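Have a look at the structure below, then the notes.
Number of protein chains: 2
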Amino acid sequence: MNTALPNISIDCVIFGYDAEGLKVLLFEETYLIGSRKIHALKLPGDHILQNETLQQSAERVLYEQTGVRNIFIRQFQVFSDPDRLKHGSIDFESIKSQLPDRRVITVGFYSLVNISDIKDPISKRACWINCYEVGRLIFDHNEILDAALERLRKELLHHPIAFELLPEKFSLTQLQKLYEAIFNTEFDKRNFRRKIAKMKYLIPLDEFETGVSHKPARYYSFDREIYETTRRENFDFRL
Amino acid sequence: MNTALPNISIDCVIFGYDAEGLKVLLFEETYLIGSRKIHALKLPGDHILQNETLQQSAERVLYEQTGVRNIFIRQFQVFSDPDRLKHGSIDFESIKSQLPDRRVITVGFYSLVNISDIKDPISKRACWINCYEVGRLIFDHNEILDAALERLRKELLHHPIAFELLPEKFSLTQLQKLYEAIFNTEFDKRNFRRKIAKMKYLIPLDEFETGVSHKPARYYSFDREIYETTRRENFDFRL
DNA sequence: CCAAAAGTGTTATCGATACACCCATGT
DNA sequence: ACATGGGTGTATCGATAACACTTTTGG
């Protein structure tokens, strides 16, 4: 039988992107305090089962929340403070009786999805929240979210994961806006495009935006084949 | 009471450096197969206790093995394959009865120590092995070691952790040899030193090598203060 | 005086940055 | 015709990479 391991869970920071900016998928949990229902936001997560790896567990949670599979999702850090459940947006003592009476260590995963790929029926209790407007979450989930964003940025500097967040075909402006959303800054358009031009795995297509009242943008696509075969490990220890 | 959590352990990849090159600390475990004692090399590790974080657990193991505290040690990856104990240098079935009968997920830590800082009496069963000459280890420990080395290299490109491996005062040649050992390559001396010269937190001292039959090298030291205050996050997404 | 490692400079190329105007389209 | 965002080039500066000789010491 496939029981859950008692002391280990995973939590998923699922980043999504659309025209409004960078978002994160949060899940509304309901607790009873006395006879009052109270709602608290948390990251989606679960305990892991006897027969699955952490990776499989995270993919399962991701699928349950978004209905998509085969998506970029990666572990980034373990959170093991023995008191990690005692902090956060909701008073621990009030809900203690509704929580398992044992210590739980959690492994943080982060994921990138293209929001428009996701058909509506995610869980009714899940919602996309603008990444920079997330309020207080339950437990140590703010800490997990912050660490995920930091890691996402680091990763993005060296790996082409941005394309996970975009539709198959995208304009360079979309790509630039995405980078700007994630790094919370702005880039110069010409320099950005020069950089792009050096990436041989970004393929300019013969398709263009339609129905816009300005010069239509060319679409590009990301060619993973070319990327895998031409990427060079960059060697530089600038410290 | 401070019991151990049953399903979670940590394993430490402790890198050390001396004139002979980059080494890793391994631990000789003894198992009984029938009436024969057999020896197998593994990474030092332990289960974690109820009241400690993973970090504390790793620091405890590091202290037990090396006698040093306050050393750079950092988690890098969780290994959670349900069958992870079944692979490795020693036949799982033969020793199964000597292992806990449950699944164990392990968190890998890597650490850097200066071998010459370590007084002799490490555990009698521990030894330093040249990093590139490690044979087959028990369980999935080769995988953990490889991942640690990869992570060490990545980290070294952007953070000044090399100094953890060197004595307080060191020559530029020592530093270069260290980088060459870790990256398993060679660098041009002049270009290397030019790069060093830009790092304002590497302080040239008025002390020199003695007793060598060639021009004595100047010693340098690493100033963490200056590093912390002058480091800039480098922004570049070369993909 | 010899051996051994320390230390040092120049040139060519490449990548990063800063900056302003014309183009194609829908209304 | 105008408003909107798409698209392009140049000049300066700093970083990288390739390359060989002189210096200091101990033996």
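In order, the protein sequences belong to chains A and B. For the first sequence, position 64 (counting from the first letter as 1) is numbered 64 according to UniProt numbering, and the numbering increases by one without interruption. For the second sequence, position 182 (counting from the first letter as 1) is numbered 182 according to UniProt numbering, and the numbering increases by one without interruption. Backbone N, C-alpha and C fix where the C-beta goes; we use that ideal spot for every residue, glycine too. A quick note: this is a predicted structure, and the numbers were derived from the prediction, not measured.
Chain B contacts made by the region 53 to 74 of chain A, where a contact means CB separation under 7 Å
53, 54
Just checking my contact of residue 71 of chain B with residue 113 of chain B at CB under 8 Å: how many whole Å lie between their CB atoms?
As a first step, residue 71 of chain B is located in the second sequence; it is residue number 71 there, counting from the start. As a first step, residue 113 of chain B is located in the second sequence; it is residue number 113 there, counting from the start. The Cβ separation is near 6 Å, so the contact holds.
Per the DSSP calculation, residue 221 of chain A is bridged to which residue(s)?
Within the first sequence, the letter at position 221 stands for residue 221 of chain A. Residue 221 of chain A is bridged to A/203.
Answer yes or no: does any C-beta atom of chain B fall closer than 8 Å to that of residue 82 of chain A?
Counting from 1 along the first sequence, the entry for residue 82 of chain A is found at position 82. True, the Cβ-Cβ gap to chain B drops below 8 Å.
Give, in chain order, every residue of the region 4 to 15 of chain B whose Cβ lies closer than 9 Å to some Cβ of chain A.
5, 6, 7, 8
Per DSSP, what are the beta-bridge partners of residue 4 of chain B in this structure?
On the second sequence, residue 4 of chain B is found 4 positions in, with the first residue counted as 1. Partner(s): B/49.
Report yes or no: do three or more beta-carbon pairs, one from the region 69 to 85 of chain B and one from the region 19 to 38 of chain B, lie closer than 8 Å?
no
Comparing the C-beta of residue 51 of chain B with each C-beta of chain A, is any distance below 8 Å?
For the purposes of this step, residue 51 of chain B is taken as the residue at position 51 of the second sequence. Yes, residue 51 of chain B counts as interfacial toward chain A.
Which parts of the region 156 to 215 of chain A are runs of the beta strand (DSSP E), unbroken and 3 residues or longer, counting only runs that do not cross its ends?
202 to 208
Minimum C-alpha distance to residue 159 of chain B - residue among B/199, B/142, B/139, B/144
Position 159 of the second sequence, counting from 1, holds the residue named residue 159 of chain B. For the residues B/199, B/142, B/139, B/144, the minimum Cα distance to residue 159 of chain B belongs to B/199.
Please determine if the region 203 to 217 of chain A and the region 46 to 64 of chain A are in contact, where contact requires at least 3 C-beta pairs separated by less than 8 Å.
no
Between which two residues does the alpha helix (DSSP H) containing residue 61 of chain B stretch?
Residue numbering aside, residue 61 of chain B sits at position 61 when the second sequence is read from its first letter. First-last of the alpha helix (DSSP H) with residue 61 of chain B: 54 to 66.
Ranges of the beta strand (DSSP E) found wholly within the region 102 to 141 of chain A, counting only runs of at least 3
105 to 114, 126 to 130
Is the Cβ of residue 105 of chain A closer than 8 Å to any Cβ of chain B?
For the purposes of this step, residue 105 of chain A is taken as the residue at position 105 of the first sequence. By this cut-off, residue 105 of chain A is an interface position.
Between the Cα of residue 82 of chain A and the Cα atoms of A/91, A/90, A/101, A/66, which residue gives the shortest distance?
Your numbering for residue 82 of chain A matches position 82 in the first sequence. Answer by Cα proximity: A/101.
Local conformation of residue 79 of chain A per DSSP, three classes
Locating residue 79 of chain A in the first sequence gives position 79, counting from the first residue. Residue 79 of chain A falls in the strand class under three-state DSSP.
Looking at the strands, I want to know which residues DSSP matches up with residue 69 of chain A.
Walking along the first sequence from the start, residue 69 of chain A turns up at place 69. DSSP lists no partner for residue 69 of chain A.
Got a sec? Which residues, its chain only, sit under 8 Å from residue 118 of chain B by beta carbon, not counting five neighbours each side?
Stepping through the second sequence from its first residue, residue 118 of chain B is reached at position 118. Excluding sequence neighbours, residue 118 of chain B sits near 16, 66, 67, 68.
Inter-residue spacing [alpha-carbon to alpha-carbon] between residue 143 of chain B and residue 180 of chain A
Within the second sequence, numbered from 1, the residue matching residue 143 of chain B stands at position 143. Within the first sequence, numbered from 1, the residue matching residue 180 of chain A stands at position 180. Roughly 37 Å separates the two Cα atoms.
Assuming the contact rule is C-beta atoms closer than 8 Å, residue 148 of chain B and residue 156 of chain B should be a hit. Round their C-beta distance to whole Å, please.
Taking the second sequence and counting its residues from 1, the one referred to as residue 148 of chain B is at position 148. Taking the second sequence and counting its residues from 1, the one referred to as residue 156 of chain B is at position 156. Incorrect: roughly 12 Å between the Cβ atoms, too far for contact.
If you follow the alpha helix (DSSP H) that residue 93 of chain B is part of, which residue opens it and which one closes it?
On the second sequence, residue 93 of chain B is found 93 positions in, with the first residue counted as 1. From DSSP, the alpha helix (DSSP H) with residue 93 of chain B extends over 92 to 95.
Per DSSP, residue 10 of chain A is paired with what?
For the purposes of this step, residue 10 of chain A is identified with residue 10 of the first sequence, where counting begins at 1. Residue 10 of chain A is bridged to A/46, A/107.
Is residue 99 of chain B helix, strand or coil when you go by DSSP?
Locating residue 99 of chain B in the second sequence gives position 99, where the first residue counts as 1. Residue 99 of chain B: coil per DSSP, three-state reduction.
Measuring straight from C-alpha to C-alpha, what distance separates residue 205 of chain A and residue 220 of chain A?
Numbered from 1 along the first sequence, position 205 holds the residue referred to as residue 205 of chain A. Numbered from 1 along the first sequence, position 220 holds the residue referred to as residue 220 of chain A. Approximately 5 Å between the Cα atoms of the pair.
Residue 84 of chain B versus residue 43 of chain B - alpha carbon distance
Start at 1 with the first residue of the second sequence, and residue 84 of chain B comes out as number 84. Start at 1 with the first residue of the second sequence, and residue 43 of chain B comes out as number 43. Rounded to whole angstroms, residue 84 of chain B to residue 43 of chain B spans 14 Å at the Cα level.
Can you name the residues that DSSP bridges to residue 31 of chain B?
Residue numbering aside, residue 31 of chain B sits at position 31 when the second sequence is read from its first letter. B/38.
Spatially closest choice to residue 139 of chain B from B/225, B/123, B/165, B/99, by CA coordinates:
Sequence index remark: in the second sequence, residue 139 of chain B carries index 139 (1-based). Per the Cα distances, B/99.
Among residues of its own chain, excluding the 5 on either side of residue 239 of chain A, which ones have a beta-carbon nearer than 6 Å to its beta-carbon?
Reading the first sequence from its first residue, position 239 is the one you call residue 239 of chain A. With a pLDDT of 49 at residue 239 of chain A, under the threshold of 50, the predicted position of this residue should be treated as unreliable, and no value is reported.
Tell me the rounded alpha-carbon separation between residue 137 of chain B and residue 127 of chain B.
Counting from 1 along the second sequence, the entry for residue 137 of chain B is found at position 137. Counting from 1 along the second sequence, the entry for residue 127 of chain B is found at position 127. About 13 Å.
Going straight from the alpha carbon of residue 154 of chain B to that of residue 33 of chain A, what length do you get?
The residue you call residue 154 of chain B lines up with position 154 of the second sequence. The residue you call residue 33 of chain A lines up with position 33 of the first sequence. One C-alpha to the other measures close to 47 Å.
Rounded distance between the beta-carbons of residue 12 of chain B and residue 58 of chain B, thought under 8 Å
By one-based count along the second sequence, residue 58 of chain B stands at place 58. By one-based count along the second sequence, residue 12 of chain B stands at place 12. 6 Å between Cβ atoms; contact.
Less than 6 Å between C-beta atoms, sequence neighbours within five positions excluded: which residues of the same chain meet that for residue 164 of chain A?
Locating residue 164 of chain A in the first sequence gives position 164, counting from the first residue. Around residue 164 of chain A: 72, 112.
Would you say residue 24 of chain A faces chain B, with C-beta separation under 8 Å as the test?
As a working note, residue 24 of chain A is residue 24 in the first sequence. With 8 Å as the cut-off, residue 24 of chain A does not count as an interface residue toward chain B.
Cα-Cα separation between residue 62 of chain B and residue 14 of chain B, rounded to whole angstroms:
Working through the second sequence from its first residue, we reach residue 62 of chain B at position 62. Working through the second sequence from its first residue, we reach residue 14 of chain B at position 14. Whole-angstrom Cα-Cα distance: 8 Å.
Do you know how far the Cα of residue 106 of chain A is from the Cα of residue 2 of chain B?
Your numbering for residue 2 of chain B matches position 2 in the second sequence. Your numbering for residue 106 of chain A matches position 106 in the first sequence. About 20 Å.
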